[in-house]
Structures are given as structure tokens and as C-alpha cells.
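Engineer: Take a look at the following structure, please.
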Amino acid sequence: MLYRTYGKTGIEVSALGMGCMRFESPDRPDEMAQVAYRAFERGVTYFDTAPFYCGDKSEDILGLAVREMKRTGRPFRIATKTMESKEEEIRAQLERSLKRLNVDAIDFYHVWCLVHPNQLSERKKKGVLTAFRKLKEEGLIRHICVSTHLEHTYLTEMFEEDEGLFEGILIGLNAVNSAMRVEGAREAARRGLGVVTMNTLGGGLITRHEDHFAFLRRPGDRSVLDGALRFNLSLPEVTVALVGFRNQADVDSAVESVERFEALSTEEIEATRNRAIASSQEFCTQCNYCRDCRAGIPVLRFMESYNRRILAKDDPKPAIDQLKWHWGIEDANAALASCTQCGYCQESCTQHLPILSRFEQLRADQAKLAEKKAAEQSQ
Ligand code: SF4
Ligand code: SF4
13 MLYRTYGKTG IEVSALGMGC MRFESPDRPD EMAQVAYRAF ERGVTYFDTA
63 PFYCGDKSED ILGLAVREMK RTGRPFRIAT KTMESKEEEI RAQLERSLKR
113 LNVDAIDFYH VWCLVHPNQL SERKKKGVLT AFRKLKEEGL IRHICVSTHL
163 EHTYLTEMFE EDEGLFEGIL IGLNAVNSAM RVEGAREAAR RGLGVVTMNT
213 LGGGLITRHE DHFAFLRRPG DRSVLDGALR FNLSLPEVTV ALVGFRNQAD
263 VDSAVESVER FEALSTEEIE ATRNRAIASS QEFCTQCNYC RDCRAGIPVL
313 RFMESYNRRI LAKDDPKPAI DQLKWHWGIE DANAALASCT QCGYCQESCT
363 QHLPILSRFE QLRADQAKLA EKKAAEQSQ
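Per the working numbering, the sequence shown starts with residue 13, numbered consecutively.
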């Protein structure tokens with residue numbers, strides 16, 4: 013296992029972290045706790061969970077593994093999160109997390125899920141940073157972090173607002189979306205923050221489409237997983253790359269991949285990024301040149317989700333799921349209602365994508381899936 017220092021904290025953590033959002037059988041908590049314990053046995057020391065993961069069972073499952081991990085006396089670190097903004101609600105959620113996780117303090121506690129550019133300032137008005145600071149002074153939180161899906165163009169602004177509190181960032185970064193994310197990771201690292209990547213495998217997108225992403229592989233690699241992990245861990249800014257283990261076999265393959273790790277050179281990283289863009293001509297590269305929509309439509313988010321439709325060979329579900337679960341857009345129709353069809357985004361698009369027809373497709377997909385769901389429920 014590789015170990016790296018988390019930002020300025022001086023804490024050493026495993027470069028491979030366990031994302032606890034993909035347990036394959038959350039209804040069998042003891043069995044799933046063994047997945048986390050297996051990761052620990054194989055050298056993983058960074059565990060990332062959250063309330064509501066796996067039907068709200070993830071923290072409980074990890075808590076069972078924590079009991080076993082404590083008995084060994086060896087170090088491990090727990091990261092969890094809250095979307096709450098007011099002190100009373102944050103405290104209530106934190107106390108629940110501590111109890112479920114069987115720990116006295118959370119090592120890395122995250123202001124969770126900043127997806128809109130002004131969200132930190134809105135939560136600040138409700139007292140989120142004051143509450144986090146207080147909980148840290150009380151020793152219930154060891155380090156204050158942030159988890160965000162914001163595009164890199166907004167991150168500097170976010171850091172300007174954090175009152176110097178953030179010590180780490182959890183950011184969705186992988187070989188496919190690096191055009192949008194690497195600058196954000198660099199900015200965080202420049203400020204001395206630990207950088208943890210979620211979506212390291214593109215939420216399974218990369219490993220599910222081995223053929224498309226074959227360019228990530230090198231001779232001797234066992235699968236595209238090796239290439240995806242190698243890309244993230246080669247970025248000098250990255251402290252930990254999370255992988256969501258479903259079972260013990262997932263643990264073993266990721267650990268073995270890291271054990272074979274040989275870093276890409278700067279030139280190889282750039283070549284990989286360029287290959288990712290070149291192999292995806294019809295894809296949104298997430299450059300965000302379309303960001304100045306006067307109607308406030310987050311064009312990138314729709315087009316990034318549409319990438320999944322292409323990879324899924326026109327199956328609409330992955331794109332609609334991505335809009336909902338990753339970008340927080342529950343209703344594509346409502347979110348696109350203010351679009352005036354002015355065409356500015358299409359004219360600005362570096363990939364010359366037919367953005368407006370893709371909007372229409374996503375709207376139709378959403379309606380179709382909703383109809384299907386209603387029909388199933390009425391049976
Ligand atoms: S067509 Fe105009 S209003 Fe609609 S998303 Fe593009 S830039 Fe915004
Ligand atoms: S300009 Fe085009 S490629 Fe770039 S983020 Fe917007 S839609 Fe995607």
C-alpha cells in the first residue's frame with residue numbers, strides 16, 4: 013500500500029481509500045462490515061462514508077468494522093459528512109454519526125455536497141462554518157473539509173469564503189472528467205489542502221466500458237481499473253483516491269492495482285488527458301466554456317450527464333440518474349424551463365455539440381422513465 017500525507021495535517025493516510033457507498037448487500041451488515049475490515053487488513057486506512065449512503069446503512073456497517081479495527085490498535089481515519097447548515101441540526105447529525113460509527117470524533121468532517129456556486133455563502137448565513145469551528149474546538153471533529161461537485165471555475169471563489177477552515181477537499185475527479193477537475197485539485201493543493209478523489213472510476217463508468225477506455229491500459233495491466241487508478245494517483249495533487257468496494261473481491265483487485273502502481277510522468281498525464289478528449293469527440297469535455305448562460309442553465313451538467321447516455325448506447329437511465337444523484341437535478345424539464353433557446357451555449361461549445369437537441373432528448377428521456385415508473389407502480 014502507498015501512504016501519503018493529508019494536506020497540512022501531517023496525518024498519513026493510505027493513497028487508496030474506501031468509499032462506503034457501494035456495499036452490495038447493505039441488508040447483511042455483518043457481511044458488509046467484513047468488506048471494510050478486509051480493506052483495513054490490506055492496508056487501507058482512509059474510510060469515507062455519509063448518512064444516507066446505502067439506504068442509510070453505510071455508517072452502521074462501517075461502525076461494525078470500526079469495532080474490529082480498534083481492537084488491532086492500528087490507525088485508521090474516518091470521513092463523513094453533513095448537508096445541514098444550522099448548529100443544532102449539524103450537532104444532531106454528527107452525534108448520530110459518532111454513535112453509528114463507534115468513534116469519539118470524526119477525523120475528516122465534510123460540509124457536504126456543494127453543487128451550486130453560491131451554496132457555501134447561503135449555508136454560511138445559516139451558521140455552518142461557525143458550527144463546524146465550535147465542534148472542532150469541542151474535539152468532536154478533528155479536521156474540517158468540504159465535498160463538492162462544483163466546476164473548477166468556482167472553486168477559488170469557494171476557498172475565498174471558507175474563512176481558512178477547510179483542510180481538505182473531496183472532489184469528483186477521474187481520467188475522463190479531468191478537463192473540468194484537475195485545476196480545482198491544483199488550487200486546493202496550492203492552498204495546502206488534502207485532496208481526496210471520489211468518482212475515481214467515473215462511478216463505475218470506466219470499468220463498465222473497458223473497450224472505450226482501453227487507452228488507459230498499459231502492457232501488463234490486468235484491467236482498465238489499473239489505468240484509472242494510476243491516472244488519479246499520478247496527479248501530484250491527489251492524496252487519496254477513493255474506490256467504492258462492493259465486496260471483498262473489489263478490495264483485493266484495487267489493492268493489488270495500487271501495489272503495482274508506477275506513476276505516470278507529467279508528459280504521460282497530459283497525453284492521457286488528451287487521449288481521453290480525443291477518444292470522446294461526441295462527448296462533453298467539461299471545459300465549461302458554455303458557462304455564461306444568461307438564463308442560468310448549468311449546461312455542462314446536462315451535457316456531462318448526456319455522455320453517459322452515449323456510453324450506455326442510448327439507454328436513458330444512466331444520464332437521468334447522473335442528473336439526479338450527481339448534479340442534484342431531479343427534474344430536467346423544470347431545470348430547463350428558463351432556456352430561451354438563444355443558442356449562445358452551442359456557439360460557445362468547444363466540441364460543437366448539438367446542445368439544444370440533447371436537452372430535448374434528456375427531457376424526453378425523463379418523461380419516458382417517469383411514465384414507465386408510473387405504469388410499474390399501477391400494476
Ligand atoms: S440556449 Fe441560451 S438560454 Fe438555453 S441553455 Fe443555451 S445559453 Fe442558456
Ligand atoms: S462548452 Fe461544450 S464541451 Fe465544454 S462544457 Fe460546455 S457543452 Fe461541454
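Where is the CB? At the ideal position from N, CA and C, for every residue including glycine.
If I follow the unbroken beta strand (DSSP E) through K93, where does it start and stop?
Structural biologist: 89 to 94
Engineer: Identify every run of the beta strand (DSSP E) within the region 111 to 147, keeping only runs that are complete inside it and at least 3 residues long; order them along the chain.
Structural biologist: Given a length threshold of 3 residues, each whole run of the beta strand (DSSP E) inside the region 111 to 147 is given here in chain order: 118 to 126.
Engineer: Closest by CA to N114, which one among E53, I102, T142, G75?
Structural biologist: G75
Engineer: My parser needs the beta strand (DSSP E) runs of 3 or more residues fully inside the region 27 to 61; what are they?
Structural biologist: 28 to 31, 58 to 60
Engineer: Let me know if C354 comes out buried or exposed under the rule of 16 or more other beta-carbons within 10 Å of its beta-carbon.
Structural biologist: exposed
Engineer: State whether the region 207 to 219 contacts the region 243 to 255, with contact taken as three or more CB pairs (one from each stretch) at a distance under 8 Å.
Structural biologist: Between the region 207 to 219 and the region 243 to 255, the count of C-beta pairs closer than 8 Å reaches three or more; the two stretches touch.
Engineer: Just to check, is the beta-carbon of I367 closer than 7 Å to a non-hydrogen atom of ligand 1?
Structural biologist: yes
Engineer: Since Y18 sits in a beta bridge, which residues does DSSP pair it with?
Structural biologist: DSSP, once it has assigned bridges, lists I23 as partnering Y18.
Engineer: Between which two residues does the beta strand (DSSP E) holding C157 run?
Structural biologist: 153 to 160
Engineer: Out of curiosity, what's the CA-to-CA distance linking H155 and K325?
Structural biologist: Those two C-alpha atoms are separated by around 43 Å.
Engineer: Buried or exposed: where does A376 fall if 16 or more other Cβ atoms within 10 Å of its Cβ makes it buried?
Structural biologist: Its Cβ having fewer than 16 others within 10 Å, A376 is exposed.
Engineer: In the DSSP assignment, what are the bridge partners of A253?
Structural biologist: L28, T209
Engineer: Taking 8 Å as the threshold, find out whether the region 281 to 288 comes into contact with the region 182 to 198 through three or more Cβ pairs.
Structural biologist: Contact holds: three or more Cβ-Cβ distances are below 8 Å.
Engineer: What residue does the alpha helix (DSSP H) around I73 start on, and which one ends it?
Structural biologist: 70 to 84
Engineer: Residues in its own chain within less than 7 Å of D196 by CB, not counting five upstream and five downstream?
Structural biologist: Asp is not the amino acid found at residue 196; the sequence shown has Gly there. If we look at G196 and ignore the five residues flanking it on each side, its Cβ neighbours are H164, L167, I183.
Engineer: Which same chain residues, not among the five before or five after S246, have their C-beta less than 7 Å away from its C-beta?
Structural biologist: A275, L276, I281
Engineer: Under 7 Å: does the beta carbon of Q353 sit that close to some heavy atom of ligand 1?
Structural biologist: yes
Engineer: State the Cα-Cα distance for the pair K137 and H128, rounded to the nearest angstrom.
Structural biologist: A direct Cα-to-Cα measurement between K137 and H128 gives close to 15 Å.
Engineer: State the Cα-Cα distance for the pair S133 and E100, rounded to the nearest angstrom.
Structural biologist: 19 Å
Engineer: Please report the Cβ distance between A307 and T352, rounded to the nearest whole angstrom; I am assuming they are in contact, meaning their Cβ atoms lie under 8 Å.
Structural biologist: In this structure A307 is in contact with T352, their Cβ atoms being roughly 6 Å apart against a cut-off of 8 Å.
Engineer: Is any heavy atom of ligand 2 found at a distance shorter than 7 Å from the C-beta of Y356?
Structural biologist: no
Engineer: Between the region 260 to 275 and the region 38 to 55, are three or more C-beta pairs nearer than 8 Å?
Structural biologist: yes
Engineer: Taking the beta carbon of P328 as the centre, do at least 16 other beta carbons fall within 10 Å, making it buried, or is it exposed?
Structural biologist: buried
Engineer: On the DSSP bridge assignment, give the partners of I181 in chain order.
Structural biologist: V158, V207
Engineer: Cβ of N300 within 7 Å of any heavy atom in ligand 2?
Structural biologist: yes
Engineer: Can we count R306 as close to ligand 1, meaning its CB is less than 7 Å from some heavy atom?
Structural biologist: yes
Engineer: Using 10 angstroms around the beta-carbon of D343, count the other beta-carbons present and answer buried if the total reaches 16, otherwise exposed.
Structural biologist: exposed
Engineer: Nearest CA to the CA of W339: which residue from L126, I90, G85?
Structural biologist: L126
Engineer: Mind checking H161: buried by the 16 CB within 10 Å criterion, or exposed?
Structural biologist: buried
Engineer: Using alpha carbons as the reference points, say which of T94, W124, M33 lies closest to L110.
Structural biologist: T94
Engineer: Among N186, V236, F178, which residue has its Cα nearest to the Cα of A201?
Structural biologist: F178
Engineer: As an exercise, report each continuous alpha helix (DSSP H) stretch of at least 4 residues that is fully enclosed by the region 297 to 374, in chain order.
Structural biologist: 311 to 323, 329 to 333, 344 to 347, 356 to 360
Engineer: DSSP three-state call for E401: helix, strand or coil?
Structural biologist: Residue numbering for the chain in the displayed model covers 13 to 391; residue 401 lies beyond these limits and cannot be assessed.
Engineer: Shorter than 7 Å, the distance from the beta carbon of V311 to the closest heavy atom of ligand 1, or not?
Structural biologist: yes
Engineer: So for G239, helix, strand or coil by DSSP?
Structural biologist: Here G239 sits in helix by DSSP.
Engineer: Using 8 Å for Cβ pairs, my map puts V270 next to M81. What's the rounded Cβ distance?
Structural biologist: Under the criterion of beta carbons closer than 8 Å, V270 and M81 do not qualify as touching, at roughly 19 Å.
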